[in-house]
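One structure is given below, encoded as structure tokens.
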Amino acid sequence: LGLDPAALDADFEAHLAFVEKAFGLERWEERADVPEWARDLRLVLNLHGQHWTGHVFNTFDAMADAVEAAARELPGRQVLAYLAGWEGRYYWQYPYYQPGEALGGEAGFRRLLARVRAAGAHVMPMFGANGVNAQ
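Positions 152 to 286 (the numbering used here) are the ones given, in order, by the sequence shown.
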């Protein structure tokens, strides 16, 4: 295509500088609200549980298997498991944040947490604000 990598890099850096200034963003390295453990992260596993249609992508046991596999390749403290659809049907269950039955229910979620802790990794369930005004 005849693209100059140096020119592309310069253009990208200029775009990042514009976005930072326009939205008042702080660079990751400069943010005071980032906990120390998060600065050590090297891998975020985006583990989908259940789709809004009801299809199960990963049970809690399968999620734990994935975290353990990652923790065999790099230190567990550098792994964060981000759990989308952990509460059941993605976007459909909001705002009822309880472990999805089709994924293993509360017992499966507890097993997942225990296995992730044993691997030294971190867990972040997804919480969406789109159900904030639900009765």
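All residues carry an ideal CB built from backbone N, CA and C; glycine is no exception.
Computed from a predicted structure; not experimentally measured.
Listed in chain order, the non-local C-beta contacts of Y247 below 6 angstroms within the same chain number zero, local neighbours out to five positions each way being set aside. Assigned with DSSP and collapsed to three states, Q244 falls in coil, not helix or strand. A220 is not a Cβ neighbour of V230, given a cutoff of 7 angstroms. Spatial neighbours of L176 in its own chain (CB-CB distance under 7 angstroms, excluding positions within 5 residues in sequence) are listed in chain order as V170. Taking the C-beta atoms as reference points, G227 is found no nearer than 7 angstroms to G255.
Secondary structure at P156: helix, using DSSP grouped into helix, strand and coil. Taking V207 as reference, the option from R190, L196, W237, E187 with the minimal CA-CA separation is W237. In the structure shown, the three-state DSSP call for E252 is helix.
With respect to the C-alpha of L194, the residue from L167, G279, M275 having the closest C-alpha is M275. When the beta-carbon positions are compared, H199 and A235 come within less than 7 angstroms of each other. D184 and L192 have their C-alpha atoms roughly 15 angstroms apart.
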